[in-house]
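Novice:
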Amino acid sequence: MENYILEFIGTLVLVLFGDGVCCACSLNKSKAQGAGWVVITLGWGLAVMMGALVAGPSGGHLNPAVSIGLAVAGNFDWALVPGYIVAQMLGGLVGAIIVYIFYKDHFDATEDKATKLGVFCTAPAIKNTPINFFGEFVATFMLMFAILVINPFFGGQTGLVPITYVIIALGMSLGATTGYAMNAARDLSPRIAHAILPIKGKGGSDWGYSWIPVVAPIAGAICAALLFGALACCYNQYFS
35 MENYILEFIG TLVLVLFGDG VCCACSLNKS KAQGAGWVVI TLGWGLAVMM
85 GALVAGPSGG HLNPAVSIGL AVAGNFDWAL VPGYIVAQML GGLVGAIIVY
135 IFYKDHFDAT EDKATKLGVF CTAPAIKNTP INFFGEFVAT FMLMFAILVI
185 NPFFGGQTGL VPITYVIIAL GMSLGATTGY AMNAARDLSP RIAHAILPIK
235 GKGGSDWGYS WIPVVAPIAG AICAALLFGA LACCYNQYFS
C-alpha cells in the first residue's frame, strides 16, 4: 500500500509541475507567458525528477507505460502493475485539478480554447494518426530503453539525473510534433480533469485523439523492453 501511495503522490507532483510550466508559458497574464518550448521541456524534465524524488521508495515509475515495460523486462512484479496504474492515474487527475485551482484567474483571462486544453494534455501539431502514433511510440520507446540501460549503472536516486537529461532531450528533439505525452497518467488523467472542471469558456477535450497518448506509449515501452531483453548479452558484461 505504501508504494501505491507514493506513486499517487509522485505522479501528482509530476503533473503539478509539468502542467504548471505549460500554464505559466501559455495562459494570459502569466508573468512567464511566451517563455517558449525550451522552458517547457526543461520544466517537464524537472517535473519528472521532482515526482520521482518524492516517490523514491516505490521506484518512481509515475507512468503506466514504465510500470508495464519494467514488468515485461522482468524488473517489476506483474501483480503490482494494476495498483501502480490506478495510483498513477489518480495522482495525475488530482495534480491537474490543483493546477487549475492555482491558475484559475489565468484560465479565466484566456479565451483560446486550444490553449486551455493544451496545458492539460497533448495534441498533434499536424493531425496525422499513423505519424502521431509513431511519434509517441518512438519517444516512449527511447525513454523506456534509456531507463533499462541507465538503471543498472545508476541505481536508485542517482539515476534521476541522467534520466532527467533523457526526458529533456526527448522533448527538445522529438516532442514538437505531438507534445511527447509518453504517459497516460500525464495525458489522459489531466484530459479527464479538463472535461470535468468548470473551466470558463473551455471547448471539447479532443477524445478522438486521446487513445494515442495511452496506447502508443504502452506499445513503445513493451517493444523497448523486448529489445532490451534480446540484447541482454550485449550489456551483461557491463552490468556485472
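For this note's numbering, add 34 to where a residue sits in the sequence shown, where the first one is 1. Cβ coordinates follow ideal geometry from the N, Cα and C atoms, glycine included. It should be emphasised that the depicted structure is a prediction, and the values quoted were computed from it without experimental measurement.
Looking at the secondary structure, which residues open and close the alpha helix (DSSP H) in which A203 lies?
Specialist: Numbered from 1 along the sequence shown, position 169 holds the residue referred to as residue 203. L194 to L208 is the extent of the alpha helix (DSSP H) around A203.
Novice: Could you tell me the distance, in whole angstroms, from the CA atom of D142 to the CA atom of P232?
Specialist: As a first step, residue 142 is located in the sequence shown; it is residue number 108 there, counting from the start. As a first step, residue 232 is located in the sequence shown; it is residue number 198 there, counting from the start. C-alpha separation (whole angstroms): 10 Å.
Novice: Using the beta-carbon count (16 or more within 10 Å), is I230 buried or exposed?
Specialist: Counting from 1 along the sequence shown, the entry for residue 230 is found at position 196. Exposed.
Novice: By Cβ distance below 8 Å, which residues in the same chain neighbour A157 in space, the five residues on each side in sequence not counted?
Specialist: Locating residue 157 in the sequence shown gives position 123, counting from the first residue. Excluding sequence neighbours, A157 sits near A148, L151, T212, G213, D240 and Y243.
Novice: If you count every other CB in all the chains shown that lies within 10 Å of the CB of T163, and 16 or more means buried, which is it?
Specialist: Here residue 163 refers to the residue found at position 129 when the sequence shown is read from its first residue. T163 is exposed by the Cβ-count criterion.
Novice: What is the DSSP secondary structure of Y118, counted as helix, strand or coil?
Specialist: The residue you call residue 118 lines up with position 84 of the sequence shown. Helix at Y118.
Novice: Residues in the same chain with beta-carbon distance under 7 Å from A89, minus the five sequence neighbours each way, listed in chain order, please.
Specialist: Position 55 of the sequence shown holds residue 89. Contacts found: L40, E41, I43, G44 and L96.
Novice: Go to F262, then tell me how far its alpha helix (DSSP H) extends in each direction, as first and last residue.
Specialist: Walking along the sequence shown from the start, residue 262 turns up at place 228. Secondary structure note for F262: its alpha helix (DSSP H) is the uninterrupted segment I246 to A264.
Novice: In terms of residues, what are the limits of the alpha helix (DSSP H) holding C155?
Specialist: Position 121 of the sequence shown, counted from the start, is the residue given in the question as residue 155. Looking at the DSSP string, C155 is not in any alpha helix (DSSP H), and its letter there is neither H nor E.
Novice: Decide if P247 is buried, meaning its Cβ has at least 16 other Cβ atoms within 10 Å, or exposed.
Specialist: Locating residue 247 in the sequence shown gives position 213, counting from the first residue. Classification for P247: buried.
Novice: Start and end of the alpha helix (DSSP H) containing P98?
Specialist: By 1-based counting over the sequence shown, the position of residue 98 is 64. It spans P98 to V106 - the alpha helix (DSSP H) in which P98 sits, taken as one unbroken run.
Novice: Is the beta carbon of A215 sitting closer than 9 Å to the one on I102?
Specialist: As a working mapping, residue 215 is identified with position 181 in the sequence shown. As a working mapping, residue 102 is identified with position 68 in the sequence shown. Contact flag unset, no.
Novice: For L182, which of helix, strand or coil comes out of DSSP?
Specialist: As a working note, residue 182 is residue 148 in the sequence shown. Helix.
Novice: Under a Cβ-count criterion, where at least 16 other Cβ atoms within 10 Å of its own Cβ denotes burial, should V82 be classed as buried or exposed?
Specialist: The sequence position of residue 82 within the sequence shown is 48, counting from 1. With 16 or more other Cβ atoms within 10 Å, it is buried.
Novice: Take A121 as the anchor and find which of F262, G238, N37 and Y137 has the nearest alpha-carbon.
Specialist: Taking the first residue of the sequence shown as position 1, residue 121 is located at position 87. Selected option, being the one with the closest Cα: N37.
Novice: Would you tell me roughly how many angstroms separate the C-alpha atoms of M35 and C267, rounded to the nearest one?
Specialist: The count along the sequence shown starts at 1 and reaches residue 35 at position 1. The count along the sequence shown starts at 1 and reaches residue 267 at position 233. Spanning the two alpha carbons is a distance of roughly 35 Å.
Novice: Can you tell me whether DSSP reads I226 as helix, strand or coil?
Specialist: As a working mapping, residue 226 is identified with position 192 in the sequence shown. Reduced to three states, the DSSP call for I226 is helix.
Novice: Can you tell me where the alpha helix (DSSP H) with E145 in it begins and where it stops?
Specialist: Counting from 1 along the sequence shown, the entry for residue 145 is found at position 111. Premise fails: E145 is in no alpha helix (DSSP H) and is neither H nor E.
Novice: Does the stretch 67 to 75 come close enough to the stretch 111 to 130 that 3 or more CB-CB pairs lie under 8 Å?
Specialist: Verdict: no, contact absent.
Novice: Would you check if the distance between the CB atom of A203 and the CB atom of P251 is smaller than 9 Å?
Specialist: Within the sequence shown, the letter at position 169 stands for residue 203. Within the sequence shown, the letter at position 217 stands for residue 251. Contact flag unset, no.
Novice: Cα separation between G237 and L222?
Specialist: Counting from 1 along the sequence shown, the entry for residue 237 is found at position 203. Counting from 1 along the sequence shown, the entry for residue 222 is found at position 188. Straight-line Cα distance between these residues: approximately 16 Å.
Novice: Measure the alpha-carbon distance for G108 versus S64 and round it to whole angstroms.
Specialist: By one-based count along the sequence shown, residue 108 stands at place 74. By one-based count along the sequence shown, residue 64 stands at place 30. So the alpha carbons of these two residues sit roughly 45 Å apart.
Novice: Measure the alpha-carbon distance for L194 versus G235 and round it to whole angstroms.
Specialist: Here residue 194 refers to the residue found at position 160 when the sequence shown is read from its first residue. Here residue 235 refers to the residue found at position 201 when the sequence shown is read from its first residue. Taking the straight line joining both Cα atoms gives about 39 Å.
Novice: Please look up how many angstroms separate the CB atoms of G31 and V47, rounded, as I've assumed it's under 8 Å.
Specialist: Residue numbering for the chain in the displayed model covers 35 to 274; residue 31 lies beyond these limits and cannot be assessed.
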